[in-house]
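K.L.:
Quick one: the structure is below, questions incoming.
Residue numbers (the numbering used here), protein chains in the order written: chain A, 1 to 323; chain B, 1001 to 1310.
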């Protein structure tokens, strides 16, 4: 190869290299733009909700008087006095209700979800586990209103009869228990799907080591595999509780929407932050409308705090040798 | 593993037990507490119900109601009453079906016929009021408004009204029969805006009516701004009739006040009834209820079914 062709070739390579670099740059800009777009939406939403949500506290609400933030966060009656003429709103009991319900629903969906995940990942034959995985994915994609309809058509009647069997008169089944059952059903697929992935990614060596040491399958599954996957299982709980805290439609169909509380009995009617926001939203105006944004603001803070706390615990719990 | 199997058996057992109890047939237990169902404070049906039973202060105030009442929407109350043997609630008459029992009010059965012949009392009128004749910017505006009011009385209009859940008044002629009297509707009115206002409970019906009437009357432009019954009269013939919010047609979901809302002759009338029916479970022995009883149930004075039924 002569020197000239070598130089020419190098020049050619340089040109194609430059072209590739240029395309790379454009792609990078496109990616950055879409990131900025989605990030700015979050910021715009937060600003909008905050502005609307803070209005009832800082303005006089066209002469009604501003809402006292302390009693708003601690009180136990949603609204004292006549709607549109009173600023005495409080959601203290609703915050308690919301956390209580989310916790109870997790108490049901966690064991069931994790055991299902263990079955799909380790115990079931390949064909069955393929089939079950499709079922779980299907459950996860069912819209919440469908769960709500199932709740009001089936779960309410079940809870009503259950209460009657215990000799308790429930309010048409609208209760803490009905809400918890609906939410447990809704969070189950999320918990199962994520736990399954984390169980599957436990190192085979640990499992075989345990079996080689003479532990039975069941002992290995519970004491070795679940222990090793606990970090991932915890992550599924975080996502599950997020869904439980944020669900509105299905909850408002089965909660009974109590206006005072807190409701700690399982057959008592209840209300959550989301169901309170949703009720009458389309028909109301003025302070009664703006206050729903304040509730939304509190809900965002509650979800953020719950996630932070759970993430902190998750780090403490740690994880053992996961691929 | 054994423990899990045992747990599973218990769960199945409980399900089985409750499904058995759901099929039992042992009459209505009068010693049970009444479970009160209501709409939320922004509901027009709630306003109609509370004023109908003489409990106006409960229209927008939950604190005067009995403790631990259940808040649901129209369908929610209807389906709840199919399950809850000891519940009581109210829905709009149009949604009543055979899964629940509709109670007679003050001795009169809830039916469309009884609403129209004005014997059934748990209802409120949907009224309209127009600007005074001669008090319009142009003669065309006045003629379109007159044509619209004539349309309300036709079968076409009453179909739309019943479709939106209200009880329309008796009629026996269609728009085609009378449109010859309203020559304005055969010309092009697309440059004319007609403003509608007043009661927000009537907003849905009013919008459906104009939507259907606009193409029948030269494509005039309807503008809806529904702010409440009081503004219905105020903005057509009252203190705001010449202000920025002035309207051509106002609506009120209650009778016009005889002292302050009497307009020029022929400018006020009724387009429909909004009837509400009190419902209970089919097993409930109650068949008739009075306004006073209902008020006592909703404010918590009567809390056991025994007290209501006797």
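Even for Gly, the Cβ is constructed at its ideal location relative to N, Cα and C.
#1: Is it buried or exposed, residue 1037 (chain B), if we count other Cβ atoms within 10 angstroms and call 16 or more buried?
#2: Residue 154 (chain A) to residue 284 (chain A), Cα distance in whole Å?
#3: Out of B:1308, B:1289 and B:1272, which has the shortest C-alpha to C-alpha gap to residue 1117 (chain B)?
#4: Enumerate, from N- to C-terminal direction, the unbroken alpha helix (DSSP H) stretches of 4 or more residues contained entirely within the segment 1116 to 1167 of chain B.
#5: Let me check one thing: in DSSP terms, what residues is residue 1268 (chain B) bridge-paired to?
#6: So, do the segment 287 to 297 of chain A and the segment 108 to 122 of chain A have three or more beta carbon pairs nearer to each other than 8 Å?
#7: So, using beta-carbon positions, are residue 242 (chain A) and residue 106 (chain A) closer together than 8 Å?
#8: Give me the residue from B:1307, B:1176, B:1136 and B:1206 with the minimum Cα distance to residue 1246 (chain B).
#9: From residue 1310 (chain B) to residue 1280 (chain B), what distance separates their C-alpha atoms?
#10: Please give the ranges of any alpha helix (DSSP H) in the segment 1219 to 1286 of chain B, keeping only runs that are unbroken, at least 4 residues long and fully inside the region.
#11: Do the segment 1127 to 1134 of chain B and the segment 1284 to 1300 of chain B touch if we need at least three Cβ pairs shorter than 8 Å?
#12: So what's residue 1092 (chain B) in DSSP terms, helix, strand or just coil?
#13: Can you name the residues of chain C whose CB is closer than 7 Å to the CB of residue 1079 (chain B)?
#14: Using C-beta distances below 8 Å, list every residue in its chain close to residue 1112 (chain B), excluding the 5 sequence neighbours before and after it, in chain order.
#15: Are the CB atoms of residue 1056 (chain B) and residue 259 (chain A) nearer to each other than 8 Å?
#16: At which residues does the alpha helix (DSSP H) containing residue 1028 (chain B) begin and terminate?
#17: Leaving out five residues on either side along the sequence, give the residues of the same chain with a beta carbon under 6 Å from the beta carbon of residue 1077 (chain B).
#18: Within this structure, are the beta carbons of residue 234 (chain A) and residue 317 (chain A) separated by less than 8 Å?
#19: Find the nearest neighbour of residue 1177 (chain B) within the set B:1126, B:1187 and B:1156, judged by alpha-carbon distance.
#20: With DSSP run on the structure shown, which of helix, strand or coil describes residue 1036 (chain B)?
#21: In chain B, which residues lie with their C-beta within 8 Å of the C-beta of residue 280 (chain A)?
#22: Using beta carbons (cut-off 8 Å, strictly below), is residue 117 (chain A) in contact with chain B?
#23: Looking at C-alpha atoms only, which residue of A:205, A:182, A:169 and A:18 is the closest neighbour of residue 139 (chain A)?
#24: Quick check: residue 1303 (chain B) and residue 1251 (chain B), are their CB atoms within less than 8 Å of each other?
#25: Please identify the residue among A:121, A:99, A:206 and A:315 whose C-alpha is closest to the C-alpha of residue 244 (chain A).
#26: Could you tell me how far apart the beta carbons of residue 57 (chain A) and residue 66 (chain A) are, in whole angstroms, since I believe they sit closer than 8 Å?
#27: Using DSSP's beta-bridge definition, name the partner residues of residue 1288 (chain B).
#28: Of the choices B:1256, B:1035, B:1183 and B:1165, whose alpha-carbon is the least far from that of residue 1206 (chain B)?
P.N.:
Checking against the coordinates, here is how it stands:
#1: buried
#2: 31 Å
#3: B:1272
#4: 1139 to 1152 and 1155 to 1163
#5: B:1129
#6: no
#7: no
#8: B:1136
#9: 16 Å
#10: 1229 to 1234
#11: no
#12: strand
#13: In summary, chain C is missing from the structure at hand, where the protein chains are A and B.
#14: 1093, 1167 and 1275
#15: no
#16: Per DSSP, residue 1028 (chain B) belongs to no alpha helix (DSSP H) and is neither H nor E.
#17: 1037, 1089 and 1091
#18: yes
#19: B:1156
#20: strand
#21: 1040, 1041, 1042 and 1043
#22: no
#23: A:182
#24: no
#25: A:99
#26: 6 Å
#27: B:1104
#28: B:1165
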